[in-house]
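Peer 1: If you use full-length UniProt numbering, the sequence shown corresponds to residues 1 to 68, in order. Dropping a structure here in structure tokens format, bear with me for questions.
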Amino acid sequence: MDVEISFLEGLAKRDPQYVEALQLLGDDYTKRGRFPEGLAIDEHLSRLLPEDSMVFYNLACSFSLTDR
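Printed below as a string of structure tokens:
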């Protein structure tokens with residue numbers, strides 16, 4: 001999974017609006033217990049997709065996991 005995270009981080013750095021890569025990266029961060037990084041991704045996605053209820057569900061979960 002670390003290789004996948006590194007790959008997705010590279011994609012997201014090259015294209016900060018690559019939604020699919022960001023969604024996978026946020027999921028991978030959460031699976032690895034990297035909750036602050038997952039929260040940052042979810043916050044970014046909420047700005048990119050303000051009408052997507054799943055994005056805001058994931059954002060709420062990230063807030064919960066980071067005690068915010």
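Yeah, the Cβ is synthetic: ideal placement off N, Cα and C, and Gly gets one too.
1) Taking the alpha-carbon positions, what's the L57 to V19 distance?
2) Identify whether R14 lies in helix, strand or coil by the three-state DSSP scheme.
3) Within 10 angstroms of the Cβ of A21, are there 16 or more other Cβ atoms? Answer buried if so, exposed if not.
4) Looking at the structure shown, is T30 part of a helix, part of a strand, or coil, going by DSSP?
5) Pick out whichever of D2, I41, D27 has its Cα sitting closest to the Cα of P16.
6) When the Cα of F63 is compared with those of P50, E51, E43, M54, which residue comes out closest?
Peer 2: So, from the listed chains and residues:
1) Numbered from 1 along the sequence shown, position 57 holds the residue referred to as residue 57. Numbered from 1 along the sequence shown, position 19 holds the residue referred to as residue 19. Correcting the residue identity first, residue 57 is Tyr in this sequence and not Leu. Answer to the nearest angstrom: the Cα atoms are 16 Å apart.
2) Walking along the sequence shown from the start, residue 14 turns up at place 14. Shown here, R14 sits in a helix according to DSSP, grouped into three states.
3) The residue you call residue 21 lines up with position 21 of the sequence shown. That one is buried.
4) As a working note, residue 30 is residue 30 in the sequence shown. Taken through DSSP and simplified to helix, strand or coil, T30 comes out as helix.
5) Taking the first residue of the sequence shown as position 1, residue 16 is located at position 16. Shortest Cα-Cα distance from P16 to any of D2, I41, D27 involves I41.
6) Position 63 of the sequence shown, counted from the first residue, corresponds to residue 63. Here the closest residue by C-alpha is E43.
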